[in-house]
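Just so it is clear: in the sequence shown, position 48 is 78 by the numbering used here, and no numbers are missing.
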Amino acid sequence: MSAGLHVLGPVDEIPVGEGRAYGVAGEQIAVFRLRDGSFRAVSAVCPHKGGPIADGTIDRAVVMCPLHQHAFELETGCSTTGAGPLRSYPVFADDSQNVIVRLP
31 MSAGLHVLGP VDEIPVGEGR AYGVAGEQIA VFRLRDGSFR AVSAVCPHKG GPIADGTIDR
91 AVVMCPLHQH AFELETGCST TGAGPLRSYP VFADDSQNVI VRLP
């Protein structure tokens, strides 16, 4: 994993209320654009059975894995249904309207 800031692409690539998966420095990261326009980023692979988190349904600040409906808080990555946690990442839109994620 390469620490630092990584440009993922234009804000418009992520519709409001949806997520997209990105490969960043060997990591799979799911980035979500919430209804308030803010962004959240977590690991893109569910720790339960490897489900595609970016394809999950989001409800306010929680995403549900599409395979077995495990739910995760988008801010912290913590499971609300007993699965292991997702890793969370700082993410924001810069002045040029690009989505930027910070890897540790």
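All C-beta atoms, glycine included, are put in the ideal place defined by N, C-alpha and C. No experiment lies behind these values; they were computed from the predicted model shown.
DSSP beta-bridge partners of residue i
| i | result |
| --- | --- |
| Leu133 | Gly34 |
| Glu103 | Val92 |
| Leu72 | Note that residue 72 corresponds to Val in the displayed sequence, not to Leu. DSSP lists Ala60, Ser118 as partners of Val72. |
| Gly112 | Answer is none; Gly112 lacks a bridge partner. |
| Ala123 | Val129 |
| Gly86 | In DSSP, Gly86 forms no bridge with anything. |
Terminal residues of the beta strand (DSSP E) in which residue i lies
| i | result |
| --- | --- |
| Gly49 | 48-54 |
| Gln58 | 57-63 |
Residues near residue i in its chain [Cβ-Cβ closer than 8 Å; skip 5 each side]
| i | result |
| --- | --- |
| Arg63 | Val41, Ile44, Pro45, Val46, Gly47, Glu48, Gly49, Phe69 |
| Pro115 | Pro77, Phe102, Thr106, Gly107, Cys108, Ser109 |
| Gly34 | Arg132, Leu133 |
| Ile130 | Leu35, His36, Val37, Leu38, Val121, Phe122, Ala123, Asp124 |
| Asn128 | Val37, Leu38, Gly39, Pro40, Val41 |
6 Å Cβ shell around residue i - same chain, five flanking residues per side excluded
| i | result |
| --- | --- |
| Ala74 | Ala51, Gln58, Ile59, Ala60, Ile83, Ala84 |
| Met94 | Gly86, Thr87, Ala101 |
| Thr111 | His100, Ala101 |
Neighbour-count burial assignment, residue i, 16 or more Cβ in a 10 Å radius
| i | result |
| --- | --- |
| Gly81 | buried |
| Ala71 | buried |
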